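Line order of the protein sequences matches chains A and B. Counted from 1, the first sequence has number 250 at position 251 by numbering that gives the first Met the number 0; the numbering is strictly sequential. Counted from 1, the second sequence has number 90 at position 91 by numbering that gives the first Met the number 0; the numbering is strictly sequential. Each residue gets a CB set at the ideal place from its N, CA and C atoms; glycine is no exception. Fair warning: this is a prediction, and the values are worked out from it, not measured in the lab.
There are 2 protein chains.
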Amino acid sequence: MKQAAKVMTLADIARLAGVSGSTASRALRDNPVINAQTRQKVQQIAADHQFKVNATARSLRTQKSYTIAVIILFDAKTQQAISDPFLLDILGVIADELTAKGYDMLLSTSKTTDKDWRSYYFDSKRADGLIVIGQGEHDARVDQLATAGVPFVVWGAATGNEQFPVIGSDNRQGAQLAVAHLIKQGCKRVAFLGDIRHTEIEMRYLGYQDALHAAGIQVEPALQLNTDFTAQAGYLQTQQALFAQLDSLDGIFAASDAIAMGAMKALLEHGVKVPQQIAIVGFDDIAMSAYCTPSLTTVKQDTHAGGQLLVEQLLSRINGGKAASQLLPVKLVDRQSSLR
Amino acid sequence: MKQAAKVMTLADIARLAGVSGSTASRALRDNPVINAQTRQKVQQIAADHQFKVNATARSLRTQKSYTIAVIILFDAKTQQAISDPFLLDILGVIADELTAKGYDMLLSTSKTTDKDWRSYYFDSKRADGLIVIGQGEHDARVDQLATAGVPFVVWGAATGNEQFPVIGSDNRQGAQLAVAHLIKQGCKRVAFLGDIRHTEIEMRYLGYQDALHAAGIQVEPALQLNTDFTAQAGYLQTQQALFAQLDSLDGIFAASDAIAMGAMKALLEHGVKVPQQIAIVGFDDIAMSAYCTPSLTTVKQDTHAGGQLLVEQLLSRINGGKAASQLLPVKLVDRQSSLR
DNA sequence: AAAAATAATGCAATCGATTGCAATGCGCTT
DNA sequence: AAGCGCATTGCAATCGATTGCATTATTTTT
């Protein structure tokens, strides 16, 4: 087997090129102060020997890691993050954006990291900044980051009171659109399935109320049912609701597509016709929503813009600028589960 | 605002404790050669000042990054990885395992990284080893890693011919179980929906053939329909199949749950009864499978064991041992889409 | 032709932690 | 009292790349 050649260092390349280490370094970074021919030669030799700058040494010297830590918050109870498929989407976008800007991405989940993120990622110089996904129930650790002067941005619900930049969908408007749509379809009594202890879901509940108010419908607090993010939770909650004689319901707004699908399953099992008897709208527009039966009306978030903004704002902050909160518009996707 | 205190270095701590840098370093790592009281004192001072070892400097000196790069391969055409929800599962497990072992996780996608992984992650010392997820269509870059002596493991399909360690589900057996089950339910003519240019899918197709052979049923190559991993692809492919007078079908085995759901949608739209006229089995057991209607029979992979093994084998290899390929057992999950 | 400006390169310090080896101090043996 | 061993601690080199400043070579100016 071809013995892997000894790993080359900059000093090796310099020696081979017959120049000093400093010249080699400058040549490789294409510093114009170095003679063009010399640059060319050094670069050629480096390429020939597959030389790669030692990222660790560079980081140490330049005091920049060119790495961003992405922290995914999981719900402490359910060990579940907000809407899994959505998560993977936005992670992908973030990864792409960071790579495009020359940054690496360090991934961590709150399940594993109960360590203090600031010291672990930032103070230790592992990362130049942080992206926190899923504010979840209000997390003191996030506030702490803000006061510590760590460059970071959050994906979550902007309420307007945060001391840090939050990028997120306009959850309130999304919910308002969804429920207004249900009302327009003739629904008079709409349940809300979602855990309002999550800030994002709380915003959706506000949007739900907005729509009812606008239509002159009384808000019944009993119709707000705390439900975790899973299909299973949606299923169980709906079964229970049906048993609890909430069967005069004619509509359901679920805080995620997974919940909506669980709910739909429960309804269909009970012989309730969707959308004729009960219409349903979800939130997220996961891939499966278009392919369940009936297909699911839902609110689509702009993950692409979200990922881009997160990276853009964070890097701006890292480079001495400001990072601003931003609310992304969402849109309603009409499908069969609500059309009658 | 409270000014963030200047970041402390080991030298600062040493000074504060009135000892040399070397003693401070040893004290912090609890080296017993240092007097217990001294250790105690240094540790206390470090804690008081929130001192964190500079990971970069440590890496440079020790020549270990304690970081593993995880590379997700996306299909070049569809820009899609094998079964998204499955992916997120296994990523989570890997993250947990790595954290437990004191490693960080650097995430990258093949979409972004066309760079050569070996030089980018390994030669540059960014990572001590690599985990590659989703061999996909045979990728020359993976072979290249093997000959370069980089510590890495692959999640994918072990065919028995690889020059590198592959951990993966027993795709062949899973498919065999699924199709045998369909046959037992009375199916005589079962279509295979999946792209056999993916090695993992190829294995599933072999399992499909195994089951047919065992039942004395002739394999019809025309029933193998290349289909990408999405619900949409499953939907379109099934529509086409129906039009193409493959309507004497009485079963479908889909290479992923997403495909299966797409197929189911197409069938239901055409008024085909599932499972009475056509029974369906998928692969993956994603969360939604239990909650679509009819619920989906599928093959469940042991993601947890998979993630654990990947990490375990890789670390063993990094620490001078060997890493071995391994095939994980799968199991069939019976639901409504196939029971008649 | 001397002085000044410009271009190209190299020297040596630096980033912060780790570690082989030497040095110090103390008690104990003979 | 000299010698030895042991427990602690510190010195200084090291990991590899970057960069301020000095140096040398070359060209331009007067």
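Roughly how many angstroms separate the alpha carbons of A:V165 and B:Q312, rounded to a whole number?
39 Å
By DSSP, does A:V325 sit in helix, in strand, or in coil?
Looking at the sequence shown, residue 325 of chain A is not Val but Gln. Three-state DSSP puts A:Q325 in a strand.
At a Cβ cut of 7 Å, what residues of the segment 33 to 56 of chain A count as close to chain B, listed as they run along the chain?
Q49, K51, V52, N53, A54, T55, A56
Of the choices B:F242, B:F282, B:T302, B:A289, whose alpha-carbon is the least far from that of B:L266?
Of the listed residues, the one whose Cα sits closest to B:L266 is B:F242.
To the nearest angstrom, report how far apart B:Q162 and B:G320 are at their CA atoms.
Rounded to whole angstroms, B:Q162 to B:G320 spans 16 Å at the Cα level.
With a CB to CB cut of under 8 Å and the five nearest residues on each side skipped, what residues in its chain are close to A:L222?
R188, V189, A190, F191, L245, L248
Would you mind sorting B:S21 into buried or exposed? The rule is 16 or more other CB atoms within 10 Å of its CB.
exposed
Quick one: list the residues of chain B neighbouring A:D333, beta-carbon separation under 8 Å, in chain order.
Contacts between A:D333 and chain B, judged by CB atoms closer than 8 Å, are missing: the closest CB pair is about 17 Å apart.
Using C-beta distances below 8 Å, list every residue in its chain close to B:V92, excluding the 5 sequence neighbours before and after it, in chain order.
T302, H303, G305, G306, Q307
Along the chain, where does the alpha helix (DSSP H) that runs through A:M104 open and close?
Run containing A:M104: none in the alpha helix (DSSP H); it sits in the beta strand (DSSP E), 103 to 108.
In the structure shown, what three-state DSSP assignment does B:V280 receive?
Under the three-state reduction of DSSP, B:V280 is assigned to strand.
Helix or strand or just coil, what does DSSP make of A:Y64?
As written in the sequence, residue 64 of chain A is Ser, which differs from the Tyr given in the question. Coil.
Where does B:E41 sit, in a helix, a strand or coil, going by DSSP?
A small fix is needed here, since residue 41 of chain B is Val in this sequence, not Glu. B:V41 falls in the helix class under three-state DSSP.
So what's A:Q223 in DSSP terms, helix, strand or just coil?
strand
Below 8 Å, can you find three or more Cβ-Cβ pairs linking the segment 267 to 275 of chain A to the segment 212 to 230 of chain A?
no
For chain B, find out if any of its Cβ atoms is closer than 8 Å to the Cβ of A:M202; answer yes or no.
Closer than 8 Å: no.
Is any heavy atom of the ligand NAD found at a distance shorter than 7 Å from the C-beta of A:Q43?
This structure lacks the ligand NAD, and indeed carries no ligand of any kind.
Out of A:H180, A:L87, A:V152, point me to the one whose CA is closest to A:A278's CA.
Of A:H180, A:L87, A:V152, the residue nearest in Cα terms is A:H180.
Cβ of B:A157 within 8 Å of Cβ of B:G173?
no
Within the continuous beta strand (DSSP E) that includes A:F50, where are the two ends?
Premise fails: A:F50 is in no beta strand (DSSP E) and is neither H nor E.
Just to make sure I have the definition right: I need the residues of chain B whose C-beta is within less than 7 Å of the C-beta of A:G91. Which are they?
In chain order: T108.
Answer with buried or exposed for B:A13, where buried requires no fewer than 16 other C-beta atoms within 10 angstroms of its C-beta.
buried
Look at A:D194 and A:D227 and say whether their C-beta atoms are less than 8 Å apart.
The Cβ atoms of A:D194 and A:D227 sit closer than 8 Å to each other.
Would DSSP call A:V131 helix, strand or coil?
strand
Measuring only the C-alpha atoms, how far is B:V329 from A:R57?
46 Å
Whole angstroms are fine: how far does the CA of A:I200 sit from the CA of A:S123?
34 Å
Give the list of continuous alpha helix (DSSP H) stretches no shorter than 4 residues that lie fully inside the segment 289 to 322 of chain A.
Correct list: 302 to 317.
What beta strand (DSSP E) runs, 3 residues minimum, are completely inside the segment 189 to 256 of chain A?
189 to 192, 250 to 253
Could you round the C-beta distance between B:I67 and B:S109 to whole angstroms and report it? I think they count as a contact, below 8 Å.
In fact, because the Cβ distance is near 17 Å, the residues do not count as touching under 8 Å.
By the DSSP assignment, the beta strand (DSSP E) with A:G167 in it spans what residues?
165 to 168
Based on Cα-Cα distance, which residue from A:I258, A:Q300, A:T198, A:L87 lies nearest to B:A289?
The shortest Cα separation from B:A289 among A:I258, A:Q300, A:T198, A:L87 belongs to A:I258.
Can a CB atom of chain A be found closer than 8 Å to the CB of B:R125?
yes
Check for me: the beta strand (DSSP E) holding B:L331 runs from which residue to which?
330 to 332
Hey, quick one: how far does the beta strand (DSSP E) through B:V152 stretch, first residue to last?
151 to 154
Who pairs with B:V69 in a beta bridge, going by DSSP?
Note: B:V69 sits in a beta bridge opposite B:L106, B:I130.
From the beta carbon of B:T296, is the nearest beta carbon of chain A less than 8 Å away?
no
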